[in-house]
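Shown next, in structure tokens, is the structure this report addresses.
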Amino acid sequence: MIFRILETKVAKELSDARTADRRYMELALTLGRRGLGRTSTNPAVGAVVVKDGVIIGRGWTAPGGRPHAEPLALERAGQAARGATLYVTLEPCSHHGKTPPCADAVIAAGIKRVVTAIEDPNPEVAGQGHARLRAAGIAVDVGICAEAAARDHAGHFRRVRDGRPHVILKLAVSQDDCIAGPDHRRVAITGPMAQDRVHLLRAQCDAILIGIGTALADDPLLTCRLPGMADRSPRRIVLDSFLRLPPTGRLAKSARETEAWVLASPSAEAARATLLGAEGVHVVRSAAADGQLQLDAVLRELSRRGVTRLMVEGGARVAASLVGAGLVDEVWLLRGPKAIGAGGIPALHGMPLAAITAAPDFRMRAQETLGDDILTIYDRS
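Heads up: the sequence shown begins at 274 in this note's numbering, then just goes up one per residue.
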């Protein structure tokens, strides 16, 4: 009987400890998300220092990627960090870059235990940070909230593993799976709540990409227009093989306020590049075949230039090409309540929307009602 009571007590203590670990890690993840879209090429990490059940330090990766989350949290904890537990959403780095290793800062602070959500696949880290901590006598636990951390750090992981950004395809579709009216006429599909969610997603990405067809048809700004978040607008990128983007359009005219890039084929006219460059547009030449940009080469080039999270907003040809090439990692499908009817432009050129919604390559992760609209998020399985 005594042993059974002790077993029950130990099991409860372990359960309570796991619950506390999860709660503090969820806070660290929330803090880390503040940096999404602002820390490239470093991951957006969150960190929390806890001692005797009290949070004594918090940190998240600063804009531009430095300082890292761990030293910021430890600095805020001060001397109280000695003997405390550090919760961090990604393995502390172990190599000298532009800043000293975070693992060394953790050791110097006298941290007793480190709880990490997930190991960093970067070959310069890849378990070495955890090994350094253990060698210093620090207890290390790995795996709390690992799935959520993998999503938050997907851009970093994809860049390290595949040399390209994590691609998020956003589609706003009518009840009959269309994205525009006849002749590509712009149609209001979703309401204010859905549109606000899209603007928040823009703020959490390093760049937003559209095709030249969408740029010519809509003359969009592609900025984040949530109150107080204009400075969180991502780089705007247009796939434009022959440099047809008008220098008088809104994208070009706003290029000095918010970065605008045009990816063009090597054979595009230099004179057109000069006109766009005069407005502040950055023209990037990328590999092309028969005048068409090669999407895998485009993504590698963007990754090389620091893009880890790429949001794709249009149009139907670009979306279908990325889906068909297996280059979409996440889909945000916003469905409005009304149909467009005859002549509407399908969401994916030359393929049904079921290529996402009913494909074994994608699994539904979440669904949410936003006013009259429904947001469904799919992950590549």
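Even for Gly, the Cβ is constructed at its ideal location relative to N, Cα and C.
Bear in mind that the values here come from a model prediction, so they are computed numbers and not experimental data.
Original post:
Nearest to E542 by alpha carbon, out of L518, E552, P633 and P396?
Top reply: Position 269 of the sequence shown, counted from the start, is the residue given in the question as residue 542. Cα-wise, what sits closest to E542 is L518.
Subject >> Supposed contact pair R355 and V383 - C-beta distance, whole angstroms, cut 8 Å >> reply: Here residue 383 is taken as the residue at index 110 of the sequence shown, counted from 1. Here residue 355 is taken as the residue at index 82 of the sequence shown, counted from 1. First, the amino acid is wrong: residue 383 is Gly here, not Val. Rounded, the Cβ-Cβ distance is 3 Å, consistent with contact.
Subject >> Given V580 as reference, the closest of A301, L345, A320 and I481 once Cα atoms are compared >> reply: In the sequence shown, the residue the question calls residue 580 occupies position 307. Of the listed residues, the one whose Cα sits closest to V580 is I481.
Original post:
Which residues in the same chain as E552 place their Cβ atom closer than 7 Å to its Cβ, once the five residues preceding and following it in sequence are excluded?
Top reply: By one-based count along the sequence shown, residue 552 stands at place 279. The beta carbon of E552 sits closer than 7 Å to those of P520, A525, K526 and A528, all from its chain and outside the five residues before and after it, given in chain order.
Subject >> Cβ-based neighbour list, I613, same chain, cut-off 7 Å, excluding 5 preceding and 5 following >> reply: Here residue 613 refers to the residue found at position 340 when the sequence shown is read from its first residue. Answer for I613: S447, D449, C451, G454 and V460, listed in chain order.
Original post:
Of the residues L566, H457, V557 and D294, which one's Cα is nearest the Cα of V361?
Top reply: Reading the sequence shown from its first residue, position 88 is the one you call residue 361. Checked all of L566, H457, V557 and D294; the closest Cα to V361 is D294.
Original post:
Could you give the distance in angstroms between the alpha-carbon of P374 and the alpha-carbon of A317?
Top reply: For the purposes of this step, residue 374 is taken as the residue at position 101 of the sequence shown. For the purposes of this step, residue 317 is taken as the residue at position 44 of the sequence shown. Straight through space, the alpha carbons of A317 and P374 are spaced by roughly 16 Å.
Subject >> Rounded C-alpha distance that separates E348 from L300 >> reply: Here residue 348 corresponds to residue number 75 of the sequence shown, with the count starting at 1. Here residue 300 corresponds to residue number 27 of the sequence shown, with the count starting at 1. So the alpha carbons of these two residues sit roughly 18 Å apart.
Subject >> Helix, strand or coil at L643 [DSSP, three-state] >> reply: Looking up residue 643 in the sequence shown gives position 370. In the structure shown, L643 sits in a strand (DSSP, three-state: E or B).
Original post:
Is G319 near A353, with beta carbons less than 8 Å apart?
Top reply: On the sequence shown, position 46 is the one that residue 319 refers to. On the sequence shown, position 80 is the one that residue 353 refers to. It is not a contact, given that the beta carbons lie outside the stated cut-off.
**OP:** Note the first and the last residue of the continuous beta strand (DSSP E) segment covering H439.
**Re:** Here residue 439 refers to the residue found at position 166 when the sequence shown is read from its first residue. Counting along the chain, the beta strand (DSSP E) containing H439 begins and ends at H439 to V446.
**OP:** Have a look at G464 and V556 and give me their C-alpha separation to the nearest angstrom.
**Re:** Residue 464 sits at position 191 when you count from the first residue of the sequence shown. Residue 556 sits at position 283 when you count from the first residue of the sequence shown. Taking the straight line from one Cα to the other gives about 34 Å.
**OP:** Classify K611 as buried or exposed, calling it buried when 16 or more other Cβ atoms lie within 10 Å of its own Cβ.
**Re:** Position 338 of the sequence shown holds residue 611. Exposed: under 16 other Cβ atoms inside 10 Å.
**OP:** Tell me whether S506 is buried or exposed, calling it buried when 16 or more other Cβ atoms sit within 10 Å of its Cβ.
**Re:** Start at 1 with the first residue of the sequence shown, and residue 506 comes out as number 233. Result: buried.
Original post:
Does the segment 495-512 come close enough to the segment 628-646 to have 3 or more Cβ pairs within less than 8 Å?
Top reply: Verdict: no, contact absent.
Original post:
Does DSSP put E299 in a helix, a strand or coil?
Top reply: Here residue 299 corresponds to residue number 26 of the sequence shown, with the count starting at 1. E299 falls in the helix class under three-state DSSP.
Original post:
Is the beta carbon of T372 less than 8 Å from the beta carbon of P340?
Top reply: Numbered from 1 along the sequence shown, position 99 holds the residue referred to as residue 372. Numbered from 1 along the sequence shown, position 67 holds the residue referred to as residue 340. Yes, the Cβ-Cβ distance between T372 and P340 is below 8 Å.
Subject >> As assigned by DSSP and simplified to three states, the class of F515 >> reply: Along the sequence shown, one-based indexing puts residue 515 at 242. Three-state DSSP puts F515 in coil, outside helix and strand.
Subject >> Between the CA atoms of T487 and R545 - distance to the nearest angstrom >> reply: Mapped onto the sequence shown, residue 545 falls at position 272. Mapped onto the sequence shown, residue 487 falls at position 214. Each residue's alpha carbon lies about 19 Å from the other.
Original post:
With respect to the beta strand (DSSP E) encompassing M584, which residues constitute its N-terminal and C-terminal limits?
Top reply: Start at 1 with the first residue of the sequence shown, and residue 584 comes out as number 311. Per DSSP, M584 belongs to the beta strand (DSSP E) from R582 to G587.
**OP:** Tell me whether A381 sits in a helix, a strand or coil according to DSSP, three-state version.
**Re:** As a first step, residue 381 is located in the sequence shown; it is residue number 108 there, counting from the start. A381 falls in the helix class under three-state DSSP.
Original post:
Any idea which residues DSSP pairs R508 with across the strands?
Top reply: In the sequence shown, the residue the question calls residue 508 occupies position 235. The partner list for R508 (beta bridge, DSSP) reads A480.
Original post:
So, using beta-carbon positions, are A584 and C418 closer together than 8 Å?
Top reply: Here the question's residue 584 lines up with position 311 in the sequence shown. Here the question's residue 418 lines up with position 145 in the sequence shown. Correcting the residue identity first, residue 584 is Met in this sequence and not Ala. Taking 8 Å as the Cβ cut-off, M584 and C418 do not qualify as a contacting pair.
Subject >> Limits of the unbroken beta strand (DSSP E) element including A453 >> reply: For the purposes of this step, residue 453 is identified with residue 180 of the sequence shown, where counting begins at 1. A453 -> beta strand (DSSP E) spans C451 to A453.
**OP:** Return the CA-CA distance between A427 and T531, expressed in angstroms with no decimal places.
**Re:** Sequence index remark: in the sequence shown, residue 427 carries index 154 (1-based). Sequence index remark: in the sequence shown, residue 531 carries index 258 (1-based). Near 25 Å, if we compare the C-alpha coordinates of T531 and A427.
Original post:
Using the C-alpha atoms, what's the distance from D414 back to G674?
Top reply: No statement about residue 674 is possible, as the shown extent of the chain runs from 274 to 654 and does not include it.
Subject >> Neighbourhood of T358 by C-beta, 6 Å cutoff - its chain only, sequence neighbours within 5 removed >> reply: On the sequence shown, position 85 is the one that residue 358 refers to. Correct list, in chain order: V323 and R386.
**OP:** Taking only the alpha-carbon atoms, compute the straight-line gap between V604 and T334 and give it to the nearest angstrom.
**Re:** Counting from 1 along the sequence shown, the entry for residue 604 is found at position 331. Counting from 1 along the sequence shown, the entry for residue 334 is found at position 61. Computed Cα separation, rounded: 26 Å.
Original post:
Going along the chain, which residues of its own chain have a beta-carbon closer than 6 Å to the beta-carbon of E574, five neighbours each way excluded?
Top reply: Taking the sequence shown and counting its residues from 1, the one referred to as residue 574 is at position 301. So the qualifying residues of the chain are S559.
**OP:** Let me know the secondary structure DSSP gives Q567 once reduced to three states.
**Re:** Stepping through the sequence shown from its first residue, residue 567 is reached at position 294. Q567: coil per DSSP, three-state reduction.
Original post:
Can you tell which of A445, R590 and V388 has its C-alpha closest to the C-alpha of A290?
Top reply: Numbered from its first residue, the sequence shown carries residue 290 at position 17. Looking from the CA of A290, the closest CA among A445, R590 and V388 belongs to V388.
**OP:** Kindly indicate which residue of T312, G599, G609 and R458 has the alpha-carbon position closest to the one of D491.
**Re:** Within the sequence shown, the letter at position 218 stands for residue 491. Nearest option by C-alpha distance: R458.
Original post:
Looking at C-beta atoms only, is the number of pairs between the segment 592-607 and the segment 435-442 that lie closer than 8 Å three or more?
Top reply: With the rule of 3 Cβ pairs closer than 8 Å, the segment 592-607 counts as touching the segment 435-442.
Original post:
Going along the chain, which residues of its own chain have a beta-carbon closer than 6 Å to the beta-carbon of A476, five neighbours each way excluded?
Top reply: Translated into the one-based positions of the sequence shown, residue 476 becomes position 203. Same-chain partners within the cutoff: G310, C497, M502 and R505.
Original post:
Of all Cβ atoms in chain D, is any one closer than 8 Å to the Cβ of D645?
Top reply: Of the protein chains in the structure, only one exists, and it is not chain D.
**OP:** Specify, as a first and last residue, the run of the alpha helix (DSSP H) that G550 falls within.
**Re:** Along the sequence shown, read from residue 1 onward, the residue named residue 550 stands at position 277. Where G550 is concerned, the enclosing alpha helix (DSSP H) stretches over A543 to A551.
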